[in-house]
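Residue numbers (the UniProt record's numbering): 1 to 696.
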Amino acid sequence: MVETKNKTTKSVTKKTTKRKRAKVKKNLVIVESPSKAKTIEKYLGSSYKVVASLGHIRDLPKSTLGVDVENDYDPKYINIRGKGDVIKGLRKEAKAAKKVYLASDPDREGEAIAWHLQHILDLNPEEPNRVVFNEITKDTIKNAFKTPRKINQDLVDAQQARRILDRLVGYSISPILWKTVKRGLSAGRVQSVALGLIITRERKIQAFEPEEYWTLDSEFKKSRSKFKSAFYGFDGKKQPLPDNDSVQYVLKQIDQSADFNIVKVEAKERKRNPQQPFTTSTMQQTANTQLNFRTRKTMMAAQQLYEGVNLGRGIGQTGLITYMRTDSTRISSLARNAAALYIHDTWGEAYSQHKPIQGKLPEGAQDAHEAVRPTDVTRTPESIKNKLTPDQFKLYSLIWSRFVASQMTPEILDTMAVTIEQNNVVFRANGSKTKFQGFTKAYPAAKEKDNTLPDLSVGDKVKLTNTNPEQHFTLPPARYSEAALIKALEENGVGRPSTYAPTLDTIQRRNYVRIDARKFVPTELGEIVQTIVEESFPDITDTHFTASIEHELDEVEIGDKHWVPVIDSFYKPFSKEVEQAAATLEKVIMHDELAGMNCAICGAPMIVKMGRYGKFYACARFPDCRNTQTIIKEIGLPCPKCHKGQIVERKTKRQRTFYGCSRYPDCEFVSWDKPTEKTLPDGTTPKVPEDEVSKA
Numbered sequence: 001m002v003e004t005k006n007k008t009t010k011s012v013t014k015k016t017t018k019r020k021r022a023k024v025k026k027n028l029v030i031v032e033s034p035s036k037a038k039t040i041e042k043y044l045g046s047s048y049k050v051v052a053s054l055g056h057i058r059d060l061p062k063s064t065l066g067v068d069v070e071n072d073y074d075p076k077y078i079n080i081r082g083k084g085d086v087i088k089g090l091r092k093e094a095k096a097a098k099k100v101y102l103a104s105d106p107d108r109e110g111e112a113i114a115w116h117l118q119h120i121l122d123l124n125p126e127e128p129n130r131v132v133f134n135e136i137t138k139d140t141i142k143n144a145f146k147t148p149r150k151i152n153q154d155l156v157d158a159q160q161a162r163r164i165l166d167r168l169v170g171y172s173i174s175p176i177l178w179k180t181v182k183r184g185l186s187a188g189r190v191q192s193v194a195l196g197l198i199i200t201r202e203r204k205i206q207a208f209e210p211e212e213y214w215t216l217d218s219e220f221k222k223s224r225s226k227f228k229s230a231f232y233g234f235d236g237k238k239q240p241l242p243d244n245d246s247v248q249y250v251l252k253q254i255d256q257s258a259d260f261n262i263v264k265v266e267a268k269e270r271k272r273n274p275q276q277p278f279t280t281s282t283m284q285q286t287a288n289t290q291l292n293f294r295t296r297k298t299m300m301a302a303q304q305l306y307e308g309v310n311l312g313r314g315i316g317q318t319g320l321i322t323y324m325r326t327d328s329t330r331i332s333s334l335a336r337n338a339a340a341l342y343i344h345d346t347w348g349e350a351y352s353q354h355k356p357i358q359g360k361l362p363e364g365a366q367d368a369h370e371a372v373r374p375t376d377v378t379r380t381p382e383s384i385k386n387k388l389t390p391d392q393f394k395l396y397s398l399i400w401s402r403f404v405a406s407q408m409t410p411e412i413l414d415t416m417a418v419t420i421e422q423n424n425v426v427f428r429a430n431g432s433k434t435k436f437q438g439f440t441k442a443y444p445a446a447k448e449k450d451n452t453l454p455d456l457s458v459g460d461k462v463k464l465t466n467t468n469p470e471q472h473f474t475l476p477p478a479r480y481s482e483a484a485l486i487k488a489l490e491e492n493g494v495g496r497p498s499t500y501a502p503t504l505d506t507i508q509r510r511n512y513v514r515i516d517a518r519k520f521v522p523t524e525l526g527e528i529v530q531t532i533v534e535e536s537f538p539d540i541t542d543t544h545f546t547a548s549i550e551h552e553l554d555e556v557e558i559g560d561k562h563w564v565p566v567i568d569s570f571y572k573p574f575s576k577e578v579e580q581a582a583a584t585l586e587k588v589i590m591h592d593e594l595a596g597m598n599c600a601i602c603g604a605p606m607i608v609k610m611g612r613y614g615k616f617y618a619c620a621r622f623p624d625c626r627n628t629q630t631i632i633k634e635i636g637l638p639c640p641k642c643h644k645g646q647i648v649e650r651k652t653k654r655q656r657t658f659y660g661c662s663r664y665p666d667c668e669f670v671s672w673d674k675p676t677e678k679t680l681p682d683g684t685t686p687k688v689p690e691d692e693v694s695k696a
């Protein structure tokens, strides 16, 4: 009996213990994404549960304006459609939690998400439950949870003001564009400025008149060493060569069989300082120029690196870079010290910058976060390459190299400028050679190419071995690439780091621009829309006005201004422009362009139509006849794989140009680069990702 009683007592005790453990509440942490949640939960331990809101949970309604312009622009937020189960789950978790922490991203957008969560979950606004961190590493996360704060209402108001302002602009102008042009069009503050820059540049290109000029490059020889130089002028004064007559005059003045004299040699030591670590915009620009990454692709890879990548056994999910939306080049002292130690240990003291150069922040920069940098400088790209996707590896390598280089000593070059003369005709040659690699040891992409001249001294004689006169014509300004457009927007103070990627994406999706050779070209539709916006709403397309609005919204963020007067000062005159445009603008007639062939079904003429993904052929009797045909552009080369089809130009859904066989899918030859007879020998098949081809 005693033994039975003891067993019963032990059983009861175990059940009671289980009940007690079950009643222990955990702290709930809410972030935006599941991958971020997974990384953070690993660092916080078993007393915390981390869940994701999957981005915003409340927003303005899509079907209506959602802003009460008569009552201080009061926004009418609703729960986002499809987020019902997420909200229900968050409420359940919050009710069962010991305490709720809101750990969305450390910017305006993240603060607004936290504010909406606070409302949905009915949390006390006076309770310090907001946690922010610039990087997802163990020490940073643990320290952040030691010092939670209240939600910063100034940050929320700044985000809310931008959202309302963009809504007022978009929902006021878009219906006018639908009425005068066609449905599905849109306009916006930053979007209209970006499109305006592209179209203004295109107009300059079209109006450009080239001017002729010539160059006279020459080759000289000293002993067995040859070097190149260029014509400079006469008697030490620079002289342009506007035409061939000028070139012939120069050639008549010199005796090509006689020696030339070295009359001046300037040897100097030149230092090249490293660039600052990345901001969002410089990261986007450099990834575009060096990696050929589109802006959206760059930000997607950066988001993944920030939120965390699984580095395998013993390390697990780890954030690899600091927060990727920033306009600051600032570096924490801890990161600076760690970089100095790594550089010293890897390359030696001569490469470690004792006082790294401080860059100048762009005008309007908030300096809210550090620059984009690796969270652990000792985690080199090569050491984790097998844990990253190709895109992640390329971008991480770029960020790591740029950051390490920014903390290193300058590159030192020995330069030489040589002046060569005969009969008062002056040629000049410039050379340089790396004396000390400095920061280029970590950032080889920034290294200048050596151009070594032979050992030359004043009084030396050299022989002219060759002259190469060439005719040139001045070129129009280049079209904007993604990198150049982002730089222009930043220099004009338009938009902020988080707006560039969606802005460029929007003007492409709306078919206002197309991409040709990685440059933006405005479409006819884009020109029409921009003309309407420019004439009816001049402030919207004015870069100075848009920049001043951005500055006022930044003042809201730091608490110097209240958001309602800022919106009011813009909207009152803008609303009058909307009323006038709605009353006076007439329908824009877009004339159909004949395709030069007849419909294969009904015999009516085929015309060129503009669709979501560009131009296509359609029957003129639409909707009675719905025959359509893809526009195929042949480049005049037979397919090198099947020898039966022609190589044609095609587009993916993202409007990327590629080249393939006209017999696709029977022949699967494809290439990103435009083929030529030289670049494509028989049977060569360049690789194009399958997911891109399937979207064509």
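Quick reminder that beta carbons are idealized off the backbone N, C-alpha and C, glycines included.
Strand pairing of residue i, partner residues [DSSP]
i	result
C619	M606
H56	DSSP, once it has assigned bridges, lists no residue as partnering H56.
H472	Y213
F231	F427
K98	For K98, which the question treats as bridged, DSSP gives no partner whatsoever.
C661	I647
Nearest candidate by alpha-carbon position, reference residue i, set the options
i	options	result
F622	P125, R428, C599 and G188	C599
A618	M597, L637, A158 and T652	M597
S223	K463, K609, V566 and T531	K463
E266	K95, G196, V418 and F574	V418
I315	F427, T137 and W178	T137
N468	I399, V250 and I87	V250
K390	T298, R402 and F234	In the sequence on display, residue 390 carries Pro and not Lys. Among T298, R402 and F234, the Cα nearest to that of P390 is on T298.
Y571	I173, S104, D414 and I87	I173
S498	Y48, D85, D105 and Q256	D105
D157	E111, F231, L177 and Q191	E111
R518	Y101, Q530, L504 and S186	L504
A604	D68, K644 and N627	N627
D85	D592, I120 and M606	I120
C602	A620, A595 and D592	A620
C-alpha distance - residue i paired with residue j, whole-angstrom precision
i	j	result
S225	L456	10 Å
E557	K182	37 Å
S35	A302	13 Å
G184	R510	8 Å
G660	K633	11 Å
V377	Y396	11 Å
R163	R272	43 Å
P665	I40	46 Å
E370	Y323	8 Å
A187	V247	53 Å
V131	T147	7 Å
L305	K238	52 Å
K204	D568	36 Å
A339	G348	12 Å
residue 706	I151	Since the first and last residues shown for the chain are 1 and 696, residue 706 lies out of range.
R296	P502	8 Å
L227	E555	Sequence inspection shows Phe at residue 227; the Leu mentioned does not correspond to that position. When rounded, the distance between both Cα atoms is 58 Å.
R656	Q508	11 Å
Sub-8 Å separation of residue i and residue j beta-carbons
i	j	result
L195	G495	no
residue 761	V648	A question about residue 761 goes unanswered here, because the residues of the chain that appear run from 1 up to 696.
V566	I528	no
P128	R149	yes
A488	L197	yes
D166	V564	no
Q284	I486	yes
S401	A429	no
residue 700	T415	For the chain, the structure presents residues 1 to 696; residue 700 sits outside this window and is missing.
A262	I399	The sequence shown places Ile at residue 262, not Ala. Against a cut-off of 8 Å, the Cβ pair of I399 and I262 comes out as no contact.
heavy atom of the ligand ADP below 7 Å from residue i C-beta
i	result
G459	You won't find the ligand ADP in this model; it holds no ligand whatsoever.
Residue-level contact to chain D via CB, residue i, 8 Å cutoff
i	result
I384	Looking for chain D here will not work: only one protein chain is present.
* Mind listing, in chain order, the continuous alpha helix (DSSP H) runs of no fewer than 4 residues lying wholly within the segment 354 to 431? => 390 to 406
* Could I get the ranges of all uninterrupted alpha helix (DSSP H) runs contained in the segment 139 to 226, with 4 residues as the minimum, in chain order? => 153 to 180 and 189 to 207
* What beta strand (DSSP E) runs, 3 residues minimum, are completely inside the segment 484 to 525? -> 513 to 516 and 519 to 522
* **Start-end ranges of the alpha helix (DSSP H) lying completely within the UniProt domain "Toprim" (26 to 136), minimum 4 residues** => 34 to 44, 84 to 96 and 108 to 120
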